[in-house]
Amino acid sequence: MSCSSARSSSASPDSARYSSTPISKTDTRKPSVRRLGPPKEFINVCLETHNLYRSRHGVPPLRLNKQLCKTSQDWANILAARGRLEHRANIDYGENLYCMWSSNPKSIVGGDEPVNEWQVYFIYTVSQKS
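Position 9 of the sequence shown, counting from 1, maps to 9 under full-length UniProt numbering, and the rest follow consecutively.
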């Protein structure tokens, strides 16, 4: 299982709403927790993909912030240990969460996958409001 938490410095009014979603209702096994941060390649691809979408929306690119990455990774580790997917009660940052599961122990998540999924959700929720 891989859980990821990414944050940006632009918070929306909806970011103050917090929800909690169980990762699995039927699986009672403990999730494996990877306490090391993601590889540098994952981080770079994730940032590049974020900035690709941001450029399409006419907003400035993000810059990597090591302290923000550490804070996000710490929260992702906590969520993986809890076996839950929930937003942190922090109004200083926007937050996107991503979790995936695979029965293949060699499954690897690329840095673009969470961002692409968030973008699909963004397009869906924006189109539902219009």
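For every residue, glycine included, the Cβ atom is placed at its ideal position computed from N, Cα and C.
For clarity, every value in this text was computed on a predicted model and none was experimentally measured.
9 Å Cβ cutoff met for ASN90 and PRO114: For this step, residue 90 is matched to residue 90 along the sequence shown. For this step, residue 114 is matched to residue 114 along the sequence shown. Cβ atoms of ASN90 and PRO114: not closer than 9 Å.
Which residue or residues does DSSP assign as beta-bridge partners of ARG54? As a working mapping, residue 54 is identified with position 54 in the sequence shown. According to DSSP, ARG54 bridges with nothing at all.
With DSSP collapsed to three states, give me the class of TYR98. In the sequence shown, the residue the question calls residue 98 occupies position 98. Strand, per DSSP.
I think HIS50 touches LEU64, with their Cβ atoms under 8 Å apart; what is that distance to the nearest whole Å? Position 50 of the sequence shown, counted from the first residue, corresponds to residue 50. Position 64 of the sequence shown, counted from the first residue, corresponds to residue 64. So it is not a contact: roughly 10 Å between Cβ atoms.
Closest Cα partner of ARG88 within the set THR71, SER102, TRP101, MET100: Numbered from its first residue, the sequence shown carries residue 88 at position 88. It is THR71.
Quick check on this structure: which residue in TYR121, LEU68, VAL59 has the alpha carbon closest to the alpha carbon of TYR93? In the sequence shown, counting from the first residue as 1, residue 93 sits at position 93. The candidate whose alpha carbon is nearest that of TYR93 is LEU68.
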